[in-house]
Amino acid sequence: MSELKRIIPCLDVDNGRVVKGTNFVDIRDAGDPVELAERYDAEGADELVFLDITASHEGRDTIVDLARRTAENVFIPFTIGGGIRSVEDARAVLGAGADKVAVNSAALKRPELLGELAEVFGSQCVVIAIDAKREDDGSYGVYLNGGRVATGRDAIQWATEATRLGAGEVLLTSMDRDGTNIGYELELTRAVARATDVPVIASGGAGDLGHLVDAIREGEADAVLCASIFHYGHYTVGQAKEHMAMHEIPVRV
Amino acid sequence: MTPDFPDVAPGPRIAVLDYGMGNLRSVEKALERVGASPAVTSDEEQIAAADGLILPGVGAFPKAMKRIRELELDRMLNDAVARQVPVLGICLGLQLLFESSIEQGGAQGLGLLEGDVVEVPAGGRKVPHIGWAEVTWEKPDQLTNGLRPGEPFYFVHSFVVRPSGDELIGSATYGSSFACAAGRDKVWGVQFHPEKSSSAGLRMLTNFKEICS
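For the protein sequence lines, the chains are A and B, in the order given. Position 10 of the first sequence, counting from 1, maps to 16 under the working numbering, and the rest follow consecutively. Position 97 of the second sequence, counting from 1, maps to 98 under the working numbering, and the rest follow consecutively.
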């Protein structure tokens with residue numbers, strides 16, 4: 007029996023509210039991340055990722071509150087990313103009921119953070135989030151601030167280093183594909199999946215259900231992250247799973 | 002309407018044993034969701050008054066046993082078992098119910114179930130084993146009432162139990178087959194996390210709540 011591939015809806019959260027609007031007719035409050043999360047759990051999502059994009063420092067407490075309310079209502083694993091800069095930041099959201107933390111810019115500034123988190127909580131709790139963009143020479147660079155700031159690092163090398171330092175999973179977002187709906191960046195995903203020995207979550211570009219199959223089959227990803235195709239009600243998680251099962255990808259049903 | 006009384010009778014009191022290892026909040030909230038009255042505690046009076054006990058845990062076996070002994074939770078667990086109070090171990094909590102583990106040089110366990118704890122037989126796959134895996138039920142049991150054959154549950158673990166008696170209730174496969182649910186009399190344990198296994202996990206916790214009622 008091969009391992010079950012995962013479908014992970016992702017919610018961008020600003021000051022405790024879902025950023026991208028949704029058009030679910032049967033949701034009372036489309037801005038409430040917990041209500042959306044409950045819906046995804048009921049539809050069969052395997053995990054959830056919340057990415058906190060709150061800019062203000064004061065707003066950060068809302069993410070701990072979000073973790074707390076999610077744990078009261080959602081009974082699948084969930085990851086919190088955005089603004090995790092220290093063991094204490096991680097302790098707050100994990101203690102509130104989150105299963106993993108995703109770190110991005112803080113790990114680029116201080117890679118030792120990954121080892122510190124892994125030592126205290128175990129590498130299964132530590133996700134390295136990487137925003138990658140294709141360079142002119144065909145390599146993939148690591149970017150910050152939504153793809154605006156180049157770090158000079160190579161995405162595949164950084165994924166390898168981050169997992170060696172303690173990250174137990176890679177959340178790999180193609181900044182070229184994010185928001186395009188034209189499909190995942192398969193070459194990048196496959197390169198990172200082959201270079202690391204931890205699960206890789208493909209992110210950025212899903213526009214239809216065939217893209218999810220491609221990410222697993224050709225991208226060799228262990229999981230697919232999706233935002234808009236579920237938020238806007240184009241597809242349900244259940245439909246995505248049926249489609250994957252039809253293409254002989256083992257999924258939880 | 003009789004506003005003086007709650008709509009629903011309070012559920013069975015389930016003590017979630019707190020020895021400082023692992024996040025217990027998710028277990029507590031899942032128990033509330035299925036209508037139990039949980040308390041995260043290491044207090045002897047609360048544990049003695051409970052209708053059921055849950056032994057959770059994340060981390061290393063030897064350190065967990067040390068903490069359990071320091072807090073005398075081993076004695077309280079033995080007392081509860083002697084009084085036929087139901088016990089459910091989750092993840093490391095399942096492993097602690099057995100006689101011994103090889104983890105980190107080895108340690109003695111609680112010995113409430115017969116068998117030992119060894120590394121997950123992953124056959125070269127990544128360890129820890131993290132993710133959803135389908136569970137095969139080896140025999141009918143109150144704890145698994147209403148669960149489908151092959152129902153997936155969520156796992157995060159590096160070690161597995163090897164029951165030596167007839168305690169085996171369920172098994173899963175990661176590389177090769179391993180025991181993931183075991184029980185005898187009123188003592189049960191599961192390797193997976195029912196509190197993170199969506200509706201299937203809540204169904205199992207409902208079954209445990211009913212066993213405690």
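Where a beta carbon is used, it is the ideal one built from N, C-alpha and C, also for glycine. Note that the structure is predicted; figures quoted are calculated from it, not measured.
Residue i: which of the options sits nearest, CA to CA?
{"i": "Glu-45 of chain B", "options": "B:Ala-16, B:Leu-32, B:Gly-21", "result": "B:Ala-16"}
{"i": "Gly-112 of chain B", "options": "B:Leu-98, B:Ala-173, B:Arg-70, B:Ala-83", "result": "B:Leu-98"}
{"i": "His-130 of chain B", "options": "B:Tyr-20, B:Val-161, B:Thr-137, B:Leu-148", "result": "B:Val-161"}
{"i": "Val-70 of chain A", "options": "A:Glu-94, A:Ala-212, A:Thr-195, A:Gly-50", "result": "A:Glu-94"}
{"i": "Glu-120 of chain B", "options": "B:Lys-140, B:Glu-152, B:Phe-179", "result": "B:Phe-179"}
{"i": "Glu-71 of chain B", "options": "B:Ser-172, B:Pro-153, B:Gly-21", "result": "B:Gly-21"}
{"i": "Thr-186 of chain A", "options": "A:Asp-214, A:Gly-174, A:Val-133", "result": "A:Asp-214"}
{"i": "Leu-10 of chain A", "options": "B:Met-205, B:Ala-183, B:Arg-163, B:Glu-152", "result": "B:Glu-152"}
{"i": "Pro-57 of chain B", "options": "B:Ala-51, B:Gly-116, B:Ser-38, B:Pro-195", "result": "B:Pro-195"}
{"i": "Arg-66 of chain A", "options": "A:Ala-229, A:Leu-123, A:Ala-98", "result": "A:Ala-98"}
{"i": "Lys-247 of chain A", "options": "A:His-237, A:Arg-258, A:Ala-173, A:Val-24", "result": "A:Arg-258"}
{"i": "Gly-124 of chain B", "options": "B:Met-205, B:Ser-177, B:Ala-40, B:Val-41", "result": "B:Ser-177"}
{"i": "Ile-90 of chain A", "options": "A:Phe-81, A:Val-132, A:Arg-75", "result": "A:Val-132"}
{"i": "Arg-26 of chain B", "options": "A:Asp-52, A:Gly-88, A:Arg-75, A:Ile-162", "result": "A:Arg-75"}
{"i": "Asn-110 of chain A", "options": "A:Gly-121, A:Ala-135, A:Ala-104", "result": "A:Ala-135"}
{"i": "Glu-125 of chain A", "options": "A:Leu-114, A:Gly-172, A:Thr-157, A:Val-107", "result": "A:Gly-172"}
{"i": "Gly-202 of chain B", "options": "B:Ala-83, B:Asn-79, B:Lys-30, B:Arg-126", "result": "B:Lys-30"}
{"i": "Thr-42 of chain B", "options": "B:Lys-64, B:Glu-73, B:Gly-60, B:Cys-213", "result": "B:Glu-73"}
{"i": "Gly-158 of chain A", "options": "A:Gly-244, A:Ala-112, A:Gly-147, A:Glu-53", "result": "A:Gly-147"}
{"i": "Pro-150 of chain B", "options": "B:Thr-137, B:Ser-199, B:Met-66", "result": "B:Thr-137"}
Using DSSP's beta-bridge definition, name the partner residues of residue i.
{"i": "Asp-18 of chain A", "result": "A:Leu-57"}
{"i": "Ile-86 of chain A", "result": "A:Phe-56, A:Val-107"}
{"i": "Phe-154 of chain B", "result": "B:Ala-134"}
{"i": "Pro-225 of chain B", "result": "With chain B covering only 2 through 214, there is no way to say anything about residue 225 of chain B."}
{"i": "Phe-179 of chain B", "result": "B:Ala-173"}
{"i": "Gly-147 of chain A", "result": "A:Lys-139, A:Asp-160"}
{"i": "Arg-101 of chain B", "result": "Before going further, note that residue 101 of chain B is Ser rather than Arg in the sequence given. Ser-101 of chain B pairs with B:Gln-109, B:Asp-117."}
{"i": "Leu-74 of chain B", "result": "DSSP lists no partner for Leu-74 of chain B."}
{"i": "Ser-38 of chain B", "result": "B:Arg-14"}
Measuring only the C-alpha atoms, how far is residue i from residue j?
{"i": "Met-2 of chain B", "j": "Pro-13 of chain B", "result": "Annotation note: pLDDT 42 at Met-2 of chain B (below 50); position unreliable, coordinate value reported separately. Rounded to whole angstroms, Met-2 of chain B to Pro-13 of chain B spans 24 Å at the Cα level."}
{"i": "Arg-12 of chain A", "j": "Ile-255 of chain A", "result": "10 Å"}
{"i": "Lys-208 of chain B", "j": "Ala-77 of chain A", "result": "A small correction: the amino acid at residue 208 of chain B is Asn; Lys does not occupy that position in the sequence shown. Going by the C-alpha atoms only, they are around 21 Å apart."}
{"i": "Met-7 of chain A", "j": "Thr-174 of chain B", "result": "Since pLDDT at Met-7 of chain A reaches only 42, below the 50 mark, its modelled position is unreliable, and no value is offered."}
{"i": "Thr-242 of chain A", "j": "Ile-235 of chain A", "result": "8 Å"}
{"i": "Asp-142 of chain B", "j": "Ala-197 of chain A", "result": "46 Å"}
{"i": "Leu-119 of chain A", "j": "Gly-128 of chain A", "result": "13 Å"}
{"i": "Met-250 of chain A", "j": "Pro-11 of chain B", "result": "43 Å"}
{"i": "Leu-169 of chain B", "j": "Leu-93 of chain B", "result": "17 Å"}
{"i": "Arg-185 of chain B", "j": "Asp-167 of chain B", "result": "8 Å"}
{"i": "Arg-163 of chain B", "j": "Ile-69 of chain B", "result": "22 Å"}
{"i": "Gln-105 of chain B", "j": "Glu-41 of chain A", "result": "42 Å"}
{"i": "Asn-79 of chain B", "j": "Ala-183 of chain B", "result": "18 Å"}
{"i": "Val-28 of chain B", "j": "Glu-193 of chain A", "result": "40 Å"}
{"i": "Ala-108 of chain A", "j": "Ala-83 of chain B", "result": "44 Å"}
{"i": "Val-86 of chain B", "j": "Met-77 of chain B", "result": "11 Å"}
{"i": "Phe-81 of chain A", "j": "Asp-143 of chain A", "result": "44 Å"}
{"i": "Ala-113 of chain A", "j": "Glu-139 of chain B", "result": "45 Å"}
{"i": "Gly-50 of chain A", "j": "Glu-122 of chain A", "result": "33 Å"}
Could you tell me whether any non-hydrogen atom of the ligand ATP is closer than 7 Å to the CB of residue i?
{"i": "Lys-106 of chain A", "result": "The ligand ATP is absent from the structure shown, which contains no ligand whatsoever."}
Which runs of the beta strand (DSSP E), 3 residues or longer, sit entirely within the stretch 92-144 of chain A?
-> Taking only runs of at least 3 residues, the beta strand (DSSP E) segments lying wholly in the stretch 92-144 of chain A are 106-109, 132-140.
What runs of the alpha helix (DSSP H), each 4 residues or longer, lie entirely inside the stretch 150-193 of chain A?
-> Taking only runs of at least 4 residues, the alpha helix (DSSP H) segments lying wholly in the stretch 150-193 of chain A are 161-171.
Positions along the stretch 167-183 of chain A whose CB lies within less than 7 Å of some CB in chain B | Against chain B - using a Cβ distance shorter than 7 Å - the stretch 167-183 of chain A contributes no residues.
Interface residues of the stretch 72-94 of chain A facing chain B [CB-CB below 7 Å] = Those residues of the stretch 72-94 of chain A placed with their C-beta closer than 7 Å to a C-beta in chain B are Ala-77, Glu-78, Phe-81, Ile-82, Pro-83, ordered along the chain.
Whole runs of the beta strand (DSSP E) within the stretch 204-257 of chain A, excluding any shorter than 3 residues | Every unbroken stretch of the beta strand (DSSP E) spanning 3 or more residues and falling wholly within the stretch 204-257 of chain A is given here in chain order: 206-209, 229-232.
Using a beta-carbon distance cut-off of less than 8 Å, what residues from the stretch 128-151 of chain B approach chain A?
-> Listed in chain order, the positions of the stretch 128-151 of chain B with a beta carbon within less than 8 Å of a beta carbon of chain A are Pro-129, Ile-131, Gly-132, Trp-133, Ala-134, Glu-135.
What residues in the stretch 154-179 of chain B have a beta carbon less than 8 Å from any beta carbon of chain A?
-> The stretch 154-179 of chain B vs chain A, Cβ under 8 Å: Tyr-155, Val-157, Thr-174, Tyr-175.
Chain B contacts made by the stretch 196-225 of chain A, where a contact means CB separation under 8 Å | Per Cβ criterion, the list reads Asp-203, Val-204, Pro-205.
Taking only beta carbons into account, state which residues of the stretch 53-82 of chain B come closer than 9 Å to chain A, listed in chain order.
-> Answer in chain order: Val-59, Gly-60.
If contact means a Cβ-Cβ distance below 7 Å, which residues of the stretch 114-132 of chain A contact chain B?
-> Correct list: Gln-130.
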